[in-house]
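Notes to accompany the following structure.
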Amino acid sequence: MLNKVIRFSLNHKLTVLLAALLLAAAGVWSVQHTDVDVFPDLTAPTVVVMTDCRNMASEEVERQISFPMESALNGASHVRRIRSVSQQGASFVFVEFDWDMDPYLARQVVSEKLNTLSATLPAGVAPVLAPQSSVMGEIMFISLQVDTMSATTPRTSLQQLRTLAEWTVKPAILATGGVSQVSIIGGERRQYQVLADPVRMHAYGVTLHDLEQVAATFGANAPAGMVRDYGNEYTLCGVIRTSDIDAMGQSLVKMCDGRPVSLSDVADIVVGHEVRIGTASSNANPSVILSVSKQPDVNTLHVTRQIDSNLAAVRQSLPSDVHMDTHVFRQADFIAASVGNVSRALIEGALFVVLILLLFLGSFRSTVISLIAIPLSLLGTVLCLYLLDMEINTMTLGGMCIAIGSLVDDAIIDVENVYKHLRRNHQLPPDQRRSAYQVVFQGSSEIRGSIMHATIIIMLCFMPLFFLSGLEGRMLKPLGIAYIISLFTSLLVAMTVTPLLCKSLLSDSRYLERRQREPWLTIQMQILYRRILTWVLQHKRPVLYATVLLLLMSVGLLATVGRGFLPEFNEGSLTIAMVAQPGISLDESDRLGQLAERQLLAVPEVVSTARRTGRGELDEHSQATNGTEIEVSFRLDRRGKQAFLDEVRARLSTIPGTSVSIGQPLSHRIEHMVSGTQAAIAVKIFGDDLSQLYRIGGQIKQAVAHVEGLVDVVVEQQTEVPQIQVRPDRARMAQYGVTADEFDYFLTRSFKGDPLCKIYEGQYARDLVLRQRTIAECPSVDEVKDLLLNTSQGAMIPLSEIAEIVSAGSPGTISRENVQRKLVVSANVSGRDAVGVVDDIRNIIKERITLPEGYRIEYGGQFASAKKASRTLSAVFLLSLAIIYLLLYTEFKSWSLAGIVLVNLPLALIGGVVAVKLGGNLLSIPSVIGFITLFGIATRNGIILVSKYIHLQNNGQSNHPVRDIVLTGSTDRLNPIIMTALTTALSLIPMVLAADKAGNEIQAPMAMVVLGGLITSTMLNIFIVPIVYEWHVDRQNTTHTHHS
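Take the sequence shown: its position 326, counting from 1, is numbered 332 in the numbering used here, and each next residue is one higher.
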């Protein structure tokens, strides 16, 4: 079969060349049309149900909204986890589905379940599904702030800034295709307020119902039909809608003693702002921040460019003192930097390959033939990615980067062998020379079978990647796909294009006449190697003992390295979560947030900050008013990242009453998806009583605080917050003629201030609310007691007459998971592996913490994914190893020869372990994949040697001493072995050297393991395999002689 392919390529030159050109052209077109992103889609389908229930206490939110929803959704098709957060005025339910669930089908499942609850939820409560997005969906933050240095007067107010964000900037962004949501936080939302005066209302006998009926008319006109006159038809409309405060004040409420009572007689009408639940700032200056999320499967770079284009026109229409910053957080910048860094490593690696080929082949034509495999293989890979509807991202590029040296290996072995046969054929007398066709065919077919098996074995080594599930599978499978496609394409090129070019470019007599001898470097290496190998074969035992000792030392060294899931990303920005004491006001939380920003801006590396305190309206981030999230852009210069983070932590630790957790934007989102917590480690405590949960959480924090490498230890804030409870005295209510409905209506209207209608200012719609004047701002307990209530009997009484008003406590936030209350103790890791830290935490909790009956602890975070992935990779790799062994048997028809080839695997382990130790002392999942890749490449070198020995034995040297066969075969194969090892190893050097650059975080540990392992496996392979093979043949001969 393989020989037929080679013959076809030699006999159909034009067809093969046209096919290669067509492949290249299609590949170039695919490069321009394939989507680009930083990572593959890492989204586990999640539907977020948001319910706005203003001023409901958190326990009531949990009892009446969150728990019924969880119960209805629990057990739904393909649901793997349900989380909820209940806080004052808001419920968030996160429904997480299996990874292969269609996200739109998931939304349908949730919608159907919610429809069954509509009759049981409190009146006026309407759950809303958050727009469909992804874990990487939050692609940019845009900040609007007033330039304090501007000479413009009057300056733009926070109300006007919010109006610009809602009605000018947001529509322009939403007009961009692919945007799913724009959340706004900060500024002040303009609001019309009717502030009722209970004293004046009592004097005129006006009730809140009267005011409500009048105020509700300000937002709508009265269509009155049609009028026909003189052949024309006119629409008749009563223009009642108004935004004029004076006109509103003149509206009649009722007649009192024959005198009209207008609205202004009993209430003040003002333009104010809504009660804020969140605020924002940029660089410690008040601002409005817009968070932009994209739809799933939409290209981030394309959407970002479109947003920039739309905002360019908007920017020109903004007031001169308003500054719009679109680079607060911008995922496109990280994508461009990451893809650029990986692409640069790809190009630099290819240059190393060119240098090695020129040095060892000593022929420009041979080098060109070998190098043709690189662009054809890479372009073919991109074409396949396009056809498979995959992206160009750091994972697929990383797969191509790791393969770059291997792409030319098949071509190198083919070219080197064919070139050698052509030179030898040319040295024969003219009458004994064979045709170039015959020589090229023999040279290619001679080693084609072993090359085919070697390449298939390398592909098989990547098989474990396709058994990974969850996040690790989503992230790493594209890398394996790109690597395998690249290798397979290079194999096709080596079987078709390479023999054809060898015949066309290398068979010329004049060319061969000038290159009778091999390059000087190759000759000198072979002479030196033959001398060393002769000595090694004469001292087998000491060499083997030394090798076994190195192997044992590497195994011991492996036991000392840490374990982890993924290396830390180099995003160039931080996400800092700061939590203050529950119950503090938004203004106080805002003050602490500004203090944190000023501390951060004092750090030399910090470029800018953007802060969100609390949450925005219809924002799925379940952050209470005591929570702050700060995006920090930084640029490292004179000192390392760890020193920079140490100063950041030291400065933030000076802010009283706060807990701080430091992460990175993308890492932060990945961690939240894995464990539901914005930290690397989550200790989840499950139970019923919140005070008991918080007590256990405090004990755990105190117990683990001194674990080496553990930082940012935070206990989830579920403690009680201050609450004013109004407890009705039903007997007193009956005396004054106040019904329960009237009592509830009074409290709701006085405090909550539900919108009655929309007031239109041109295209802008504003809420109009009615409430008591005394609580235009948050009241004190005494103000609540003195609140006046007009009874149906005409009396006016303070609220304290019919109710007891007391200060109490209520949980600020209640978290649940899988229909059970939980509290999380979260932490990050610095300077140590996460798996080791978690092991220490487990041991400490087991020794020191006694859980009450009905309480349990679970551990979450990326370390759990690391353990799961390691188990999967190990199990499947053993299966792959068995398949590889069978393939080697089919190649050599000998179990023992197949075993000799596999001797390379432990030899590769030595250098790989040393590389892990020197490269950060962390055995992460990319490092494990590096070992798997390394074992495949190392196996190929063994195949090259053993197949050459067998070829010599089968072609006239079977009667020669085995020592001569081993020396001749090893010397003959030295050149391709060294070349393939060097091209593979040196092509990885740019990636290793750029390990701290964005985009190389996953590939660098893999490259480091492959590089270190190739050094030891190649250096030991060319000595150990000859030793073992000679031993094997000697034993065979001894056994044969004995039986004879």
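We put the CB at the ideal spot given by N, CA and C, even for glycine.
Computed from a predicted model, the values in this text were never measured in an experiment.
- Around the beta carbon of Arg430, fewer than 16 other beta carbons lie within 10 angstroms, which makes this residue exposed.
- Shown here, Arg87 sits in a strand according to DSSP, grouped into three states.
- Straight through space, the alpha carbons of Val259 and Leu217 are spaced by roughly 7 Å.
- Rounded to the nearest angstrom, the gap between the Cα atoms of Val334 and Ser287 is 11 Å.
- Annotation: the continuous beta strand (DSSP E) that includes Lys690 extends over 687-692.
- Here the alpha carbon of Phe883 sits roughly 8 Å from the alpha carbon of Ile938.
- The closest CA to that of Leu606, considering only Gly918, Val666, Val561, His957, is found on Val666.
- In this structure, the straight-line span from the alpha carbon of Thr1024 to that of Val298 is close to 51 Å.
- When rounded, the separation of the alpha-carbon atoms in Thr373 and Tyr425 is 11 Å.
- When C-alpha distances from Ser902 are compared across Ser456, Ile419, Trp1037, Leu428, the shortest belongs to Trp1037.
- Nearest to Thr502 by alpha-carbon distance, out of Val841, Arg480, Ile378, is Ile378.
- Taking C-beta atoms as the reference points, Glu637 and Val609 fail to come closer than 8 Å.
- Short of 8 Å from the beta carbon of Ser876, and not among the five residues preceding or following it, lie these beta carbons of its own chain, in chain order: Arg569, Ile931, Val934.
- Around the CB of Lys852, fewer than 16 other CB atoms lie within 10 Å, so the residue is classed as exposed.
- Scanning the segment 627-710 from its first residue to its last, the whole beta strand (DSSP E) runs of 3-plus residues come out as 633-640, 664-669, 687-692.
- Per DSSP, the beta-bridge partners of Gly284 are Gly620.
- Rounded to the nearest angstrom, the gap between the Cα atoms of Gln799 and Thr213 is 11 Å.
- Pairing Val952 with Arg454, the inter-Cα distance amounts to about 14 Å.
- Between the C-alpha atoms of Lys19 and Gln438 there is a straight-line separation of about 26 Å.
- Annotation for Val1015: Gly918, Ala921, Val922, Ser933, Gly936, Phe937, Leu940 place their beta carbon closer than 7 Å to its own, counting only its chain and skipping 5 residues before and after.
- Residue pairing from DSSP places Asp331 in a beta bridge opposite Ser149.
- A distance below 7 Å between beta-carbons, with the five flanking residues on each side excluded, links Ala711 to the following residues of its chain, in chain order: Val719.
- Between Leu928 and Val567 the beta-carbon gap is near 7 Å, inside 8 Å, which marks them as a contact.
- Annotation: Leu753 to Thr154 spans about 42 Å, alpha carbon to alpha carbon.
- Beta bridge pairing from DSSP links Ser614 with Ser639.
- The C-beta distance from Arg838 to Gly715 rounds to 3 Å, short enough to meet the 8 Å contact threshold.
- Distance between Glu677 and Leu201, taken at the CA atoms: about 46 Å.
- Under the three-state reduction of DSSP output, His279 falls in the strand class.
- Secondary structure note for Phe100: its beta strand (DSSP E) is the uninterrupted segment 96-103.
- Taking the Cα of Ile341 as reference, the smallest distance to any Cα among Asp593, Gly578, Gly842, Gly948 is reached at Gly578.
- Here DSSP, grouped into helix, strand and coil, assigns Ser993 to coil.
- Taking a C-beta distance under 8 Å as the contact criterion, Gly620 and Ile855 do not qualify as a contact pair.
- The three-state reading of DSSP puts Thr566 in coil, since its state is none of H, G, I, E or B.
- The beta carbons of Pro728 and Ser813 sit closer together than 8 Å.
- Secondary structure note for Arg772: it is in no alpha helix (DSSP H), and the uninterrupted beta strand (DSSP E) holding it is 770-778.
- Here Asn796 carries a strand assignment [DSSP, helix/strand/coil].
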